[in-house]
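Taking it in order: structure first as structure tokens, then the write-up.
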């Protein structure tokens, strides 16, 4: 008969740590408190009960007072019960570990997080996003994604696509992601097909933005928000063809010799009142639209000299042209060396 055993039983084995502790509690706790919790948890699983705070402090190179503070911290967060026994002995305390799922003092939203972690499709979403961002997700992030499912009716695939979209723009801010989620919700985006259609439209919109800016000779590497508002208004709200907008830009350049979005907006507003939306509409009305604007003309008519204007001077002198020429000629000769 064979007998099997480990050479060092205490050196092998596994200490199970609940993912909720790792994802929710550990990320917010002081590092030394986490070390106390994990080492004591290992002792608990291996049945080593003759452990004191002094031994934990020595093992972790901490002050014993720090170990006591750690237990108070985990007790305040509902992960352990500190049970004092009536005894004369120094170590008369039981540390009772509580399953994080049933911890007493849970923060708002933790119930939803616990419920979500039990669903394979939600866990897969979290794991996929962790690969995209290259780090573990915080509880706050996970709660935010669960809120999108509940409040915005987003599918898990759309959430993953949204995170990829933000990361592709080199934006990691949760506030920015929340704003994008709100925008997608307002635009009726619920499925992957909705996302693809929306992103395709957005891409074309930015291409048009760049064409307008280049036409005006402006830098298109970073689009100013005020310019974006104008261009979005022209393209989306007013529904102009890009070619019509470029014609308005041309009119602006010809009239005031510089790019001016307010001026272009007035031109397009005027054309909209005329029922012009497409380049075909514009070509039909171009001769009328391109008439000079007399209100902007600094010199709309030649200056007319009033009749008898010079007659108002009584002391008018009459000059003999021949005599003037003689005087000028004599003067020039006298000045010669």
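Residue numbers (UniProt numbering): 1 to 337. Yeah, the Cβ is synthetic: ideal placement off N, Cα and C, and Gly gets one too.
Are the Cβ atoms of residue i and residue j separated by less than 9 Å?
| i | j | result |
| --- | --- | --- |
| residue 151 | residue 185 | yes |
| residue 244 | residue 282 | yes |
| residue 95 | residue 125 | no |
| residue 24 | residue 120 | no |
| residue 198 | residue 207 | no |
| residue 194 | residue 163 | no |
| residue 136 | residue 143 | no |
| residue 34 | residue 67 | no |
| residue 49 | residue 64 | no |
| residue 211 | residue 242 | yes |
| residue 98 | residue 79 | yes |
| residue 191 | residue 155 | yes |
| residue 72 | residue 83 | no |
For the candidate residues the options, whose alpha-carbon lies nearest to that of residue i?
| i | options | result |
| --- | --- | --- |
| residue 62 | 83, 39, 74, 75 | 39 |
| residue 29 | 74, 15, 13, 48 | 74 |
| residue 265 | 230, 253, 274 | 230 |
| residue 270 | 37, 32, 248 | 248 |
| residue 200 | 220, 263, 165 | 165 |
| residue 153 | 181, 167, 136 | 181 |
| residue 122 | 268, 41, 149 | 149 |
| residue 276 | 239, 132, 256 | 239 |
| residue 246 | 267, 59, 226 | 267 |
| residue 101 | 21, 241, 205 | 21 |
| residue 132 | 172, 81, 27, 155 | 172 |
| residue 204 | 222, 146, 221, 235 | 235 |
| residue 222 | 192, 169, 32 | 169 |
| residue 31 | 51, 69, 55 | 69 |
| residue 251 | 92, 272, 286 | 286 |
| residue 272 | 237, 253, 255, 254 | 237 |
Can you tell me where the alpha helix (DSSP H) with residue i in it begins and where it stops?
| i | result |
| --- | --- |
| residue 123 | 120 to 133 |
| residue 59 | 53 to 60 |
| residue 255 | 242 to 256 |
| residue 31 | 31 to 45 |
| residue 142 | 139 to 151 |
| residue 205 | 192 to 215 |
| residue 161 | 156 to 168 |
| residue 76 | 64 to 76 |
| residue 178 | 174 to 186 |
| residue 266 | 261 to 273 |
| residue 222 | Per DSSP, residue 222 belongs to no alpha helix (DSSP H) and is neither H nor E. |
Nearer than 8 Å: is that true of the beta carbon of residue i relative to any heavy atom of the ligand MN?
| i | result |
| --- | --- |
| residue 172 | As far as ligands go, the structure on display features none, and thus does not contain the ligand MN. |
Taking DSSP's pairing of strands, which residues face residue i in a bridge?
| i | result |
| --- | --- |
| residue 93 | 84 |
Query raised in the report: Is it a yes or a no for the region 175 to 193 touching the region 210 to 217, going by three-plus beta-carbon pairs under 8 Å?
Result: no
Query - Touch test, the region 220 to 237 against the region 256 to 265, Cβ-Cβ under 8 Å, three pairs minimum - result: yes
Query raised in the report: Can at least three beta-carbon pairs, one atom from the region 12 to 19 and one from the region 36 to 50, be found at a separation below 8 Å?
Result: yes
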